[in-house]
Each structure stands twice: as C-alpha cells, then as structure tokens.
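First up is the structure itself, then whatever we jot down about it.
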Amino acid sequence: MKRIIVLIFALTITALSSHAQQTYLFAYFKGNGEDGLHLAYSTDAYNWTALKKDQSFLRPSVSRDKLMRDPCIIRGADGRFHMVWTVSWKDKGIGYASSKDLINWSEQQFIPVMAKEEAARNTWAPEITYDPATKTYLIYWATTISGKFPETASTADNGYNHRIYCVSTSDFKHFSETKLLYDPGFNVIDASIVAHQGKFIMFLKDETREPAQKNLKLAFADQISGPYSAAGPAITGNYWAEGPTVLKKGKDWLLYFDKYRDHKYGALRSTDLKSWTDISDQISLPSGIRHGSILEITKKELKKLLAQ
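In this text, residue positions in the sequence shown follow my numbering: the first is 4, and each later residue adds one.
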C-alpha cells in the first residue's frame with residue numbers, strides 16, 4: 004500500500020511539474036511595425052513579460068515599406084520556427100523567415116501570393132497552420148480585390164472589402180496557386196485557424212463597417228482547406244476587436260485580441276467555444292503591444308531568449 008501511495012504521489016508531482024514547465028511566447032509588433040519582431044513570455048498565460056527589454060529581435064528588410072506587422076510564428080513539423088508577417092499596407096505579398104531558436108533568422112523572403120491579381124489592393128495579417136493529414140502548411144491572409152463581392156461593397160474604411168485567401172506549401176519554397184479560402188458573406192479579416200480533435204476552428208474578425216460589427220466570430224470545418232461553416236454569433240463585446248490569437252491551457256480556451264480603438268488588449272476564456280467569459284482585467288501585457296500570435300516553447304528555449 005505504501006508503495007502504491009508513493010507511486011501515486013510521484014506521478015502527481017511529475018504531472019504538476021510538467022504543467023508548471025509550460026512556457027508561452029507572444030510574438031507581436033509595436034507602432035506601425037517599423038522596428039520588427041517583439042517577443043514576450045509567460046508561464047501562466049495571463050501575465051506576460053517583454054523579452055530583450057522590449058527591443059526588436061528581427062528588423063524587417065523586404066518590400067518597399069519594410070514593415071513587420073501581425074507576426075505569426077509556429078513550430079513546424081521539421082522542428083524549425085516558421086514566421087509570416089504583413090510587409091506593407093498596399094503590397095501584393097507577405098514576408099517569410101525561419102529560425103531554429105527564435106534568435107537567429109534565415110534571410111527574409113517576399114512571397115508574392117497576390118501578384119497574379121492585378122486588382123488586389125493589399126495582403127494583410129497572414130497566418131500559418133500545419134495540417135498533419137496532408138503534411139503541408141496552409142498560409143492564409145485577407146485581401147481586397149477591387150470589383151469582387153459587390154454585394155458587400157462600401158465606401159467606408161477606404162472601400163476595403165476583404166475575403167480570406169490561401170496557398171499551401173510543404174517546404175516554404177514551392178507554393179500552390181492562390182485560392183479563395185473563406186467568403187462568409189461579409190467583409191472579413193484576421194483569420195486564425197486552430198486544429199482541434201481532427202477538425203479546424205477559424206477565429207475571424209467581421210470587418211463590416213455599416214452597420215459596424217468589428218467583432219470576433221468562429222467558423223468550423225472538417226478539413227483545413229474548408230469548406231468552413233457560416234460564421235457564428237459575435238463573441239466579443241461592445242468595443243472594436245481584431246487580431247485574435249488563441250491557446251489551449253488545460254480545459255480552457257484563452258483568446259487574446261486587440262481592443263485597438265481603446266489602445267489596450269482584451270481576453271476571453273471558454274471551455275466549450277460557445278460561452279465566453281471576459282477576463283481582460285486578469286491579463287497583463289507589455290505596453291504598446293499590437294496583435295500577433297502565441298505558441299508554446301521549452302524552458303531551454305526561453306533561457307536562450309532571456310540571455311539576449
């Protein structure tokens with residue numbers, strides 16, 4: 004009996020220790036994205052501390068505007084970190100770089116994902132999601148193509164009328180043809196796709212200006228490439244929200260987003276992706292943070308980042 008009790012105690016300590024070792028990394032930008040990639044870490048997913056005294060880890064070098072907005076970093080199946088970002092307000096491509104340690108990055112590349120669309124006005128907030136079923140990465144973003152989707156056209160917000168487009172790749176060297184990924188029947192930006200129990204959840208922003216929505220919603224699909232369901236009801240409140248990024252912590256879904264008109268960050272918590280509790284007053288983030296992405300890293304990786 005004593006041996007059983009000791010074994011149970013040891014397993015409990017191991018489980019608690021494993022949970023305590025979870026470390027989260029927030030990749031974000033500041034200002035207009037001129038100085039590049041900023042990183043913050045957390046061990047509880049609520050309180051975040053800027054790394055490197057909130058100085059840039061990587062300065063942008065591609066496109067005419069040389070911006071690094073909306074950075075999205077994932078750990079790839081190859082063990083490397085892969086990042087995409089918005090390079091410009093008006094360009095027809097996105098930025099890409101990879102790293103083995105989040106400190107030393109490959110040469111930055113410009114991927115001209117919308118170059119074949121003469122009427123494309125922009126390429127905003129790209130993200131990457133890995134699909135283990137096909138062993139490929141889906142890169143997706145928001146673009147307005149002038150003249151398309153006239154049923155939701157508006158003169159507000161400079162006439163932007165976005166839909167979500169995508170390409171797939173297995174090596175970040177060769178890419179599929181660009182295609183439409185999601186048309187929810189309204190102006191949509193800031194998609195973020197998460198794999199869960201063999202299905203895919205898309206967190207997205209309803210960008211409709213008249214009448215104003217500017218809120219976050221969810222859509223679901225059986226395959227990463229869709230088709231995705233109609234967008235569900237708004238899950239954010241009476242404020243303008245954008246840039247959703249989500250992590251799963253135990254049974255909790257934690258959704259972070261930019262309350263950009265209020266110049267502060269917000270967060271929601273849910274256990275079922277249906278009922279959401281506002282926990283904005285429970286989080287702490289670096290001053291001036293703009294939206295990006297969250298991923299898990301190891302203690303060893305964090306130690307190297309702290310040394311910078």
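The beta-carbon is built from N, C-alpha and C at its ideal position, and this holds for glycine as well.
Only a predicted model underlies this, so the values are computations on that prediction, with no experimental measurement involved.
- Residues 281 of the same chain have their beta carbon placed closer than 7 Å to that of residue 240, with the five preceding and five following residues left out of the count.
- Within the same chain, Cβ atoms closer than 8 Å to the Cβ of residue 79 are found at 85, 101, 133 and 140, the five residues on either side in sequence being excluded.
- For residue 262, the beta-bridge partners assigned by DSSP are 267.
- At least 8 Å separates the beta-carbon of residue 120 from that of residue 193.
- Taking 8 Å as the cut-off, the beta carbon of residue 77 is found closer than this to the beta carbon of residue 298.
- If you draw a straight line from the Cα of residue 270 to the Cα of residue 300, it comes to about 21 Å.
- In the same chain as residue 183, and ignoring 5 residues on each side of it, the C-beta atoms closer than 7 Å to its own belong to 166 and 168, in chain order.
- The beta-carbon separation of residue 145 and residue 90, rounded to 14 Å, does not stay under the 8 Å limit for a contact.
- Looking at 263, 265, 247 and 294, the one whose alpha-carbon comes closest to that of residue 272 is 247.
- Within its own chain, the residues whose Cβ lies closer than 8 Å to the Cβ of residue 285, once the five positions on either side in sequence are excluded, are 49 and 270, listed in chain order.
- Counting only runs of 3+ residues, the beta strand (DSSP E) found wholly inside the region 113-165 occupies 127-134 and 139-146, in chain order.
- In the DSSP annotation of this structure, the continuous segment of the beta strand (DSSP E) that includes residue 202 starts and ends at 202-209.
- Residue pairing of residue 293 in beta bridges, as defined by DSSP: 32.
- Unbroken alpha helix (DSSP H) runs of no fewer than 4 residues, entirely contained in the region 34-78, are not found.
- When C-alpha distances from residue 52 are compared across 296, 310, 294 and 290, the shortest belongs to 290.
- Rounded to whole angstroms, the separation of the alpha carbons of residue 62 and residue 40 is 7 Å.
- Judged by beta-carbon spacing, residue 31 lies within the 8 Å limit of residue 292, meaning their Cβ atoms are closer than that value.
- In the three-state reduction of the DSSP assignment, residue 110 falls in the coil class, being assigned neither a helical nor a strand state.
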